[in-house]
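Undergrad: Residue numbers (my numbering): 1263 to 1426.
Note that the Cβ used here is the ideal one computed from N, Cα and C, for glycine as well.
Dropping the structure in here first, questions after.
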């Protein structure tokens, strides 16, 4: 049994990272769906923490969080971006952004906000995104939109920017 104990001690001593996943939804005009959280400033994409301790994957988290936050059960499309985001007073966050697709008018009418966490939602033009999305999130979403447009696959980011 000493091997298991040693392994558990080894695992407990490893560095930690946090992980989150979000879905990038658009309307037919290409505007991006943003949600306004009640617990912090700025707007964000529908998404949240990956419950990795429960075995949840990033893709599963994006779908679950979308259902919880806006009431839509949408299978995420391709991965658009992975962002490594360091921050003061917390471990780094690895953020996954998936293509949520283009929502229909019926889907937009079906949005029901999670009242405990969200105040409102809106559709925002690409040029206006940096006004609403604070920190690394603005550049992350812009790079995800570029990855979607060029079809080149997911983009690797560090704090919202491609690594040097």
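State yes or no: is the C-beta of residue 1287 within less than 8 Å of the C-beta of residue 1320?
TA: Along the chain shown, one-based indexing puts residue 1287 at 25. Along the chain shown, one-based indexing puts residue 1320 at 58. Contact flag unset, no.
Undergrad: Would residue 1367 pass as a contact of residue 1338 if the rule is Cβ separation under 8 Å?
TA: In the chain shown, residue 1367 corresponds to position 105, counting from 1. In the chain shown, residue 1338 corresponds to position 76, counting from 1. Not a contact, by the Cβ cut-off of 8 Å.
Undergrad: Could you check if residue 1332 is buried or exposed, using at least 16 other CB atoms within 10 Å of its CB as the buried criterion?
TA: Taking the chain shown and counting its residues from 1, the one referred to as residue 1332 is at position 70. Result: buried.
Undergrad: Does the structure place the segment 1400-1411 close enough to the segment 1324-1331 that three or more beta carbon pairs sit under 8 Å?
TA: No contact exists between the segment 1324-1331 and the segment 1400-1411.
Undergrad: Cα-Cα, which of 1296, 1413, 1358 is closest to residue 1381?
TA: Counting from one through the chain shown, the residue named residue 1381 turns up at place 119. Of the listed residues, the one whose Cα sits closest to residue 1381 is 1296.
Undergrad: Specify the secondary structure class of residue 1273 as computed by DSSP and reduced to three states.
TA: As a first step, residue 1273 must be located in the chain shown, where it is residue number 11. Correct three-state label for residue 1273: helix.
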